[in-house]
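Have a look at the structure below, then the notes.
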Amino acid sequence: MDQLLIAGFCVCALTVVLRYGCGRRSVDDIASLPGPPSSSWLYGNLPELLLDRPYGSNGLKWLAEYGPVHRIRGCFGENRLMVSDPVALRYILANFTTFGKSPTHRFLNPIAFGSGSLLHVTGEQHHRIRGIMNAMFSATNVRGLAPILEKAVLELIERWRSEPIDVVDVYRAMHDTTLQAVGEGVMGYNIRENENYARTYRNLVQAEATLSKAAILADAVLCKFPYSLLNILTLFPSSDIQKLVDHRHANVHLSNILLESKLETLKLESEADNDLFSILVQKNSEASSPMSADEIKDQVGTLTVAGEETTANSLVWALYVLAQNPQWQETIRQEINHWIANHSDRAVDYDQLPFLNAIIKEVLRFYSPLPHADRYCTQDAIVPLSEPIITAGKVLTSLRVKKGTYVTVAISTFHRLTSIWGPDAHEFKPSRWLRDEEVSKSTSLGPYSNLLSFFSGPRVCIGWRFAILETQIILSHLVRNFIFSLLAGSDVQPGCAITLVPMDADGKANLYLHVSPL
29 MDQLLIAGFC VCALTVVLRY GCGRRSVDDI ASLPGPPSSS WLYGNLPELL
79 LDRPYGSNGL KWLAEYGPVH RIRGCFGENR LMVSDPVALR YILANFTTFG
129 KSPTHRFLNP IAFGSGSLLH VTGEQHHRIR GIMNAMFSAT NVRGLAPILE
179 KAVLELIERW RSEPIDVVDV YRAMHDTTLQ AVGEGVMGYN IRENENYART
229 YRNLVQAEAT LSKAAILADA VLCKFPYSLL NILTLFPSSD IQKLVDHRHA
279 NVHLSNILLE SKLETLKLES EADNDLFSIL VQKNSEASSP MSADEIKDQV
329 GTLTVAGEET TANSLVWALY VLAQNPQWQE TIRQEINHWI ANHSDRAVDY
379 DQLPFLNAII KEVLRFYSPL PHADRYCTQD AIVPLSEPII TAGKVLTSLR
429 VKKGTYVTVA ISTFHRLTSI WGPDAHEFKP SRWLRDEEVS KSTSLGPYSN
479 LLSFFSGPRV CIGWRFAILE TQIILSHLVR NFIFSLLAGS DVQPGCAITL
529 VPMDADGKAN LYLHVSPL
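The numbering of the sequence shown is the working numbering, which starts it at 29 and goes up by one.
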């Protein structure tokens, strides 16, 4: 939101906050948990968590001092729960009815993506839509997209080879390339031909990435308002809300074009394209409880943001660590060349490249694309723990959580638990994925190598297979064709902009690297 609007809105709403927020003091177990002191009643510990540079340093300090389940303070002195305990996380993420999305997300998601978006729907509607979309993202369908994804990265390689380049902002390049890959692979559409869609999408990402103390405070105020009153904001939208509305309009326009084209192909009984949106339309026509036309169209923006943002940032961090370790680049090249030399009659099976995949897994662990997520407790719950918590008064083997409590799912902190990842959990070590045992499976959570990068439970990222294949293909082709190295004096640090991005000293997201063709 605009800074002046945030300030004005906060002042006007303060009486509401005082009445409905601060009067409800926690009487559950959270109040008795250890946690970091708060230097501000207004902001609590949230600036230390969200504005941290490098992101995660405070979270790791709190983990070491207070354990994997502890209390932090939110705005206006409220108690929040911060969780990286694997047993507690499994319970929280498996029970979306009890631990749902925050009121702010429930308000903003339909503005940007539509009320039928998989990011927004719940209950039976979510179960029905997800069932149809699961078939769309099957392993077989995703593997069939390899040529399309290869085409996207080969176009980038050709551009870099044809232009005299030395220094490249790989942050921007990866986002442009993954957006093109998602457009053609998921939707069967060249997004470059629709500049309005690409522009509104970039504006949407920029709006989401704007994080400040004022934005933290505005979010806290919004959460205290009755849900029905939040719709007033759409009548007088701020510039950031308007960016969501603009992208929604672009989504509607593009989805109308796509659905009309795919339905015409289906009607003519022509051979369907192998993009995922074509498969979705076909699978929906065969479903006993199909999605409505509006529900189908509401997935276009959902699929774009889910398939582009986190994957692009994972690629950026992979290039960052490879630029610091040229020997790892050479190992990947040798691995790919060896595979091709021994399987010249077959397409590359990217799952059979162990070191490439070790790099990808370690990037997903160490530089968690989504470093944390908030959940909102909608009814009283008892959360199990992997180990007891000793408070001043008693020993807790489970945790009572009251309705209205905010829970921070600390993904990046979970990825640093020595109980899961070993004593070297705080080191970036691809070799951990080359061991016979890999990592502990006793508390497996996510769908991919025990990582929470794609979340867990009924809201697990539906396109995780696509994201992995996209990362494998783009990274392997780039490393095979170029040498990447850091600029002298480069000083980027991980920063939280919903996703984890490299930020310079001015807080801007970018990563400039030397790129030399082989």
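Think of the CB as a built atom: it goes at the ideal place given N, C-alpha and C, for glycine as much as any other residue.
| Item | Value |
| --- | --- |
| On a Cα-Cα basis, can you pick out the residue from N509, W492, A453 and P412 that is closest to S166? | W492 |
| Between the stretch 67-82 and the stretch 100-108, do three or more beta carbon pairs fall short of 8 Å? | yes |
| So, for I176: in the same chain, excluding its five sequence neighbours on each side, which residues have a beta-carbon less than 6 Å away from its beta-carbon? | E212 and G213 |
| State yes or no: is the C-beta of V429 within less than 8 Å of the C-beta of A401? | no |
| Can you tell me the Cβ-Cβ gap for L381 and W367, rounded? I've got them flagged as a contact below 8 Å. | 6 Å |
| By Cβ distance, which residues of its chain are closer than 8 Å to P530, with the 5 residues on each side in sequence left out? | Y199, V344, W345, Y348, V520, Q521, P522, G523, A537, N538 and L539 |
| Straight-line CA distance for T419 to L61? | 6 Å |
| Would you call the stretch 143-162 in contact with the stretch 471-483, where contact means no fewer than 3 C-beta pairs closer than 8 Å? | no |
| Residue ranges of each beta strand (DSSP E) run of no fewer than 3 residues wholly in the stretch 187-247, ordered along the chain? | 195-197 |
| In whole angstroms, give me the CA-to-CA distance for I185 and V411. | 50 Å |
| Between R460 and E390, which are expected to be in contact by the criterion C-beta below 8 Å, what is the C-beta distance as a whole number of angstroms? | 7 Å |
| Going by beta carbon distance, what residues of the same chain come within less than 6 Å of I58, once the five residues before and after it are set aside? | R99, N107 and L109 |
| Cβ atoms of R487 and F124: under 8 Å apart, would you say? | yes |
| Go to F135, then tell me how far its alpha helix (DSSP H) extends in each direction, as first and last residue. | P131 to F141 |
| Are F510 and S544 close, meaning C-beta to C-beta below 8 Å? | yes |
| Ignore the nearest five residues each way along the sequence and tell me which others in E336's own chain have a CB closer than 6 Å to its CB. | T206, L207 and V210 |
| Would the beta-carbon of A274 fall within 8 Å of that of T228? | Here the sequence assigns Asp to residue 274, which means Ala is not the residue at that position. Taking 8 Å as the Cβ cut-off, D274 and T228 qualify as a contacting pair. |
| By how many angstroms is the C-alpha of I439 removed from the C-alpha of S112? | 7 Å |
| I'd like to know whether the C-beta atoms of R8 and L88 end up nearer to each other than 8 Å. | Nothing can be reported for residue 8, as the shown portion of the chain is limited to 29 through 546. |
| Please list, in chain order, all residues of the same chain as G51 whose beta carbon is under 6 Å from its beta carbon, the five residues on each side excluded. | Low per-residue confidence applies at G51: pLDDT is 46, beneath 50, and the placement is therefore not dependable, though the value from the model is reported in the following sentence. None. |
| Starting from the C-beta of R276, find all residues in its chain whose C-beta is less than 8 Å away, skip the five residues before and the five after it, and write them out in chain order. | I139, A140, F141, G142 and G329 |
| What residues in its chain sit with their C-beta under 7 Å from that of G49, if we drop five residues either side in the sequence? | In this prediction, G49 scores a pLDDT of 47, lower than 50, which makes its location untrustworthy; the coordinate-derived value is nonetheless stated afterwards. Answer for G49: F104, E106 and K252, listed in chain order. |
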